[in-house]
Each structure stands twice: as structure tokens, then as C-alpha cells.
Amino acid sequence: MDVAMVLAVLFFCLLLLSSAAITFLLLRHCLSGLRRRHRAAAAADVDAEAAEGGAGARQLMPPCSPPPQQELPLLRPAAKLVPSTKEEGEPWKLTWREVEALTGGFDEAAVVGRGGSSTVYLASSCRVAVVSPPVAVKVHRWCGGERWLRAFRQELDLLRRLRHPHIVSLLAYSDDHEEGGALVLEYLSGGTLADRLHGGASPPLPWRHRMRVVHDVAGALEHLHDGAPPVVHGDVSASNVLLDGRGLGARLCDLGSACEGFSAAVAPTRAAVGSPGYVDPFFLRTGIVSKKSDVYSFGVLLLEAITGSPAAGIPGPDGGAGGGNLTARLLPRVRTEGVDGLADRRLGDDYDAAEAGDVARIAVECLAAQPGLRPTMAQVRAAIAEKAATSISIAHHDLHDASDST
2 MDVAMVLAVL
12 FFCLLLLSSA
22 AITFLLLRHC
32 LSGLRRRHRA
42 AAAADVDAEA
52 AEGGAGARQL
62 MPPCSPPPQQ
72 ELPLLRPAAK
82 LVPSTKEEGE
92 PWKLTWREVE
102 ALTGGFDEAA
112 VVGRGGSSTV
122 YLASSCRVAV
132 VSPPVAVKVH
142 RWCGGERWLR
152 AFRQELDLLR
162 RLRHPHIVSL
172 LAYSDDHEEG
182 GALVLEYLSG
192 GTLADRLHGG
202 ASPPLPWRHR
212 MRVVHDVAGA
222 LEHLHDGAPP
232 VVHGDVSASN
242 VLLDGRGLGA
252 RLCDLGSACE
262 GFSAAVAPTR
272 AAVGSPGYVD
282 PFFLRTGIVS
292 KKSDVYSFGV
302 LLLEAITGSP
312 AAGIPGPDGG
322 AGGGNLTARL
332 LPRVRTEGVD
342 GLADRRLGDD
352 YDAAEAGDVA
362 RIAVECLAAQ
372 PGLRPTMAQV
382 RAAIAEKAAT
392 SISIAHHDLH
402 DASDST
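Position 245 (the sequence shown) corresponds to 246 in the numbering used here; numbering is contiguous.
This is the structure in C-alpha cells:
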């Protein structure tokens, strides 16, 4: 009798679980259908608005047509999308339809960059009315991945609060779509520092401009580390340094891997951070990320700027793969032969050899095996300002001369 009772209870439980599973699947199917119909209706509305025009329409423009003279703003007054000052206040919050309009319906022809979960589109007045100068729209798709959603939220929260001339400016954002979010950022037409150092640019980025860029990046990291609360960037690399069209102005970007809010110098991290060739070996051994992790990564960036060689994927002696990371190749040489002769050969004689040696020594200090032996970013920025003062000053004059000519 007891056995029969147990079997009956088990059968009843299985029946309940099966019913619940079937109900869940039916609800999920119905919700998916509703979402598809909603998207189709929204797309139809946008097409209708673009076709009808009118005083209140938000128009998408043909790919190469000039902006109309009497167009109403697509998003907000155009001046609000221009980062004229860093004290302008909160960025605008956009709807997802406005994001679609800015990107031309997520047009592949407008893509200027891709990341792990994001795609960056260039929105300009050629496609969207009254957005001038051009802006970059970084669209995140998390597709159910909590890690990507967390990275988007982290970057959005930080950019809304941060104010620094060498950290990329947030102009607008959209964060209420169920499958993605968007950050509208100032657009720098010079690409990344990695592009300028390794992209075959001719002539190569001048030495004085390299020193101005690394000094500016050091200042941005110092601002992050010494803020309240302190922030660890977590992914310092040449690919996350944006340059203006002249290669003079620099902005640190991509704060999706950042950590903040701890009072001590260290904090455990949830996932691996950093780009290949830049990751702190101490983090790889312990799983602990700290301000000194950024210092290590910046040391790699310094070596990269000095030598012109990429941080990872360096060609071997025969021109093929196998050369390893920049630090693995250079640190043993520095320990035995010193820092002389490390400068990028493409520069020829157009650099100060003594200055290059001094900056290389700063990089080696940043790359100390033990985090406690590495300097702070404030010390690093001050040392670069002192040792590369001549080059930074010349680059500063170049910047002002270029501004005056425009």
C-alpha cells in the first residue's frame, strides 16, 4: 500500500512538471510572436514617416543626399550632441527607434568597428539630419548573455559620471531595449593608436605625437585611479586609445571591463580582463585585478609606442608566427643590454635617443613582476611629463597651430 501511494505521488508530480513545461513553452512562443509583430509594426511606422515627411516627421535621408535646409532635428537640438564642454550635464536618453535612425537601420556600410558584443556605426549628416559633427554609435547586443549586459551597464554608468578631456565623451544613450543598448559617443576620425602604429600608415606617427598621446592616456588613467570611488580600467591597450584626424588629441575608451568602488588597491574580478599581450601576469596567477594591473598594461603600451611593435602576435625571425608577446621578447634584452636602440626604426633620426631611453626605463618600471614595485599612474604621468617634456611641448604647439589653421 505504501509503495502504491509513493508511485501515485511521483506520477502526480511528473504530471505537474510536464504541464508546467508545456505551459512555459507555449507562453514563450506567444511572446516571441508578439515581439516579432511589434518590430514589424515599428519598422512600418518608420518607413511611413520617412515617406510622408511633414512638420513632425523624423526623416532618414538617402545615403548621399545633402541635408535639407528646413529639417527638424532628428533627435534633439544639434548643439546638444556636440561635446563643446565637459560640464554640459547629463547626456540625452534616446528611444530604440532613434538609435535605428542614427545607424541607418543598422546599415553594414556604416560600421567602423566591432567588439566582442558591440558594433560601432558612424552616424553623420550624410545619412541623418542635423547630426553634425559625426558621432559614433556603439550598439551592444547581449543576446541573453549576462556578462555583456553587465559590461554595457558598467560602461554607461561610468561615462555618465566621468568628466575628463582624454576620456571619450558620452553624448546620448539608449538602455531600455530588451535585446540591446546603445552609446552615442564623440567620433574621432584618426582611428586608434594601434591603427597608427601598426596599420602601415605612411609616414609613421611622429615621435613627439606618440609622447603627447601616452602622456594624455596616463593622465586619463590617473584620473580614474584617483577618483572617488577609484576606477580600474581593466583593458588598457592601443586599440582602446582613439585619435583625432591629426593624431594629436587622444581619448581613452571602452570601459566595459572596468572595476570600481573598492577602497583598497585590489578587488577580485568576475571574469578575465584585458587584451592579449597587455594582461598583468599577477592577475593571471591570482585572479585579482588592481590599479597596478592598469599600470602593467600601460607599460606595455609605452613599449609599443616606443618600438612601433604590436603587443602580441609579433612575427618570428623568419617573418612568420612565433615571435611571442612584446614584453616576452624585449624584457630579457633590456635586462642584459639596457634600453638603447629600442626606438621604432621607421622614425629614422627624427626622435631624441636620450628621451626614448628615459621613457623606456619608465615602461620597464611599470612592468615589474610584483605589483607593489610598480609606480602609481600619477608617478608615471609626472615622469613622462618630465622626461619627454621637449617632445610634448612641440606636439602641444603642433596642436595649437593645427587649431589656428582651421
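Heads up, the beta-carbon is just placed ideally off N, CA and C, and yes, glycines get one too.
Problem set entry | Exposure of residue 322, with buried meaning 16 or more beta-carbon neighbours within 10 Å | Taking the sequence shown and counting its residues from 1, one reaches residue 322 at position 321. Its pLDDT being 47, under 50, residue 322 is placed unreliably in this model, and the coordinates cannot settle the point.
Problem set entry | Supposed contact pair residue 154 and residue 91 - C-beta distance, whole angstroms, cut 8 Å | Position 90 of the sequence shown, counted from the first residue, corresponds to residue 91. Position 153 of the sequence shown, counted from the first residue, corresponds to residue 154. At roughly 16 Å, the Cβ-Cβ gap does not stay under 8 Å, so residue 91 and residue 154 are not in contact.
For this session: Tell whether a beta-carbon distance below 8 Å holds between residue 232 and residue 261.
Result: By 1-based counting over the sequence shown, the position of residue 232 is 231. By 1-based counting over the sequence shown, the position of residue 261 is 260. Yes, the Cβ-Cβ distance between residue 232 and residue 261 is below 8 Å.
For this session: Would you kindly work out how many angstroms separate the C-alpha atoms of residue 57 and residue 108, rounded to a whole number?
Result: Here the question's residue 57 lines up with position 56 in the sequence shown. Here the question's residue 108 lines up with position 107 in the sequence shown. The pLDDT assigned to residue 57 is 36, lower than 50, so where the model puts this residue is not dependable, and the model offers no usable value.
For this session: Quick one: residues in its chain with C-beta nearer than 7 Å to the C-beta of residue 358, no 5 flanking neighbours on either side, listed in chain order?
Result: What you label residue 358 is simply residue 357 of the sequence shown in a count that begins at 1. So the list reads 340 and 341, once near-sequence residues are dropped.
For this session: From the DSSP output, in three-state form, read off residue 178 for me.
Result: As a position in the sequence shown, residue 178 is number 177, starting the count at 1. Looking at residue 178 - three-state DSSP - the assignment turns out to be coil, as it is neither helix nor strand.
Exercise. Quick one, are the C-beta atoms of residue 190 and residue 240 less than 8 Å apart?
Worked result: Taking the sequence shown and counting its residues from 1, one reaches residue 190 at position 189. Taking the sequence shown and counting its residues from 1, one reaches residue 240 at position 239. No. Outside cutoff.
Problem set entry | Best match in 113, 117 and 97 for proximity to residue 180 [C-alpha to C-alpha] | Counting from one through the sequence shown, the residue named residue 180 turns up at place 179. Comparing Cα positions, the closest option is 97.
Exercise. Does DSSP put residue 143 in a helix, in a strand, or in coil?
Worked result: Taking the sequence shown and counting its residues from 1, one reaches residue 143 at position 142. Note: residue 143 maps to coil in three-state DSSP.
Problem set entry | For residue 189, the first and last residue of its enclosing alpha helix (DSSP H) | To locate residue 189, count along the sequence shown from 1; it is residue 188. It is not in any alpha helix (DSSP H) - residue 189 carries neither H nor E in the DSSP assignment.
Exercise. With a CB to CB cut of under 7 Å and the five nearest residues on each side skipped, what residues in its chain are close to residue 139?
Worked result: The residue labelled residue 139 in the question sits at position 138 within the sequence shown. These residues qualify, in order along the chain: 119, 121, 183, 184 and 186.
For this session: Could you check the C-alpha separation between residue 335 and residue 282 for me, to the nearest Å?
Result: For this step, residue 335 is matched to residue 334 along the sequence shown. For this step, residue 282 is matched to residue 281 along the sequence shown. Taking the straight line joining both Cα atoms gives about 18 Å.
Exercise. Relative to the C-alpha of residue 148, which residue among 258, 372 and 242 is closest?
Worked result: The residue given as residue 148 occupies position 147 in the sequence shown. Nearest option by C-alpha distance: 258.
Problem set entry | Among 214, 386 and 304, nearest to residue 168 - alpha-carbon criterion | Stepping through the sequence shown from its first residue, residue 168 is reached at position 167. Among 214, 386 and 304, the Cα nearest to that of residue 168 belongs to 214.
For this session: Spell out a yes or no on whether the region 195 to 202 and the region 353 to 369 are touching, meaning 3 or more CB-CB pairs, one atom from each, closer than 8 Å.
Result: no
For this session: Would you kindly work out how many angstroms separate the C-alpha atoms of residue 399 and residue 152, rounded to a whole number?
Result: Position 398 of the sequence shown holds residue 399. Position 151 of the sequence shown holds residue 152. C-alpha separation (whole angstroms): 37 Å.
Exercise. Run through DSSP, which three-state label would residue 252 get?
Worked result: Here residue 252 is taken as the residue at index 251 of the sequence shown, counted from 1. If DSSP states are grouped into helix, strand and coil, residue 252 belongs with the strands.
Exercise. From which residue to which residue does the beta strand (DSSP E) around residue 114 run?
Worked result: Here residue 114 refers to the residue found at position 113 when the sequence shown is read from its first residue. Unbroken beta strand (DSSP E) run through residue 114: 112 to 115.
Problem set entry | Euclidean distance between Cα positions of residue 193 and residue 244 | As a position in the sequence shown, residue 193 is number 192, starting the count at 1. As a position in the sequence shown, residue 244 is number 243, starting the count at 1. Approximately 6 Å, taken between the alpha carbons.
For this session: Return yes when the Cβ of residue 368 is within less than 8 Å of the Cβ of residue 328, no when it is not.
Result: Residue numbering aside, residue 328 sits at position 327 when the sequence shown is read from its first letter. Residue numbering aside, residue 368 sits at position 367 when the sequence shown is read from its first letter. Yes, Cβ-Cβ distance for residue 328 and residue 368 is below 8 Å.
Problem set entry | Sequence-distant residues of its chain with Cβ nearer than 6 Å to residue 246 (five each side left out) | Against the sequence shown, residue 246 aligns to sequence position 245. For residue 246, where only same-chain residues beyond five positions count, the Cβ hits under 6 Å are 190 and 191.
Exercise. What's the gap between the Cα of residue 204 and the Cα of residue 212?
Worked result: Your numbering for residue 204 matches position 203 in the sequence shown. Your numbering for residue 212 matches position 211 in the sequence shown. Going from the Cα of residue 204 to the Cα of residue 212 covers about 17 Å.
Exercise. Three-state secondary structure (DSSP) at residue 280?
Worked result: Mapped onto the sequence shown, residue 280 falls at position 279. Of the three classes helix, strand and coil, the one that applies to residue 280 here is coil, per DSSP.
Exercise. Using CA coordinates, which residue listed in 216, 230 and 365 is at the minimum distance from residue 386?
Worked result: For the purposes of this step, residue 386 is taken as the residue at position 385 of the sequence shown. Nearest option by C-alpha distance: 216.
Problem set entry | Residues bridged to residue 244 (per DSSP) | Residue mapping note: residue 244 aligns to position 243 of the sequence shown, counting from 1. DSSP, once it has assigned bridges, lists 251 as partnering residue 244.
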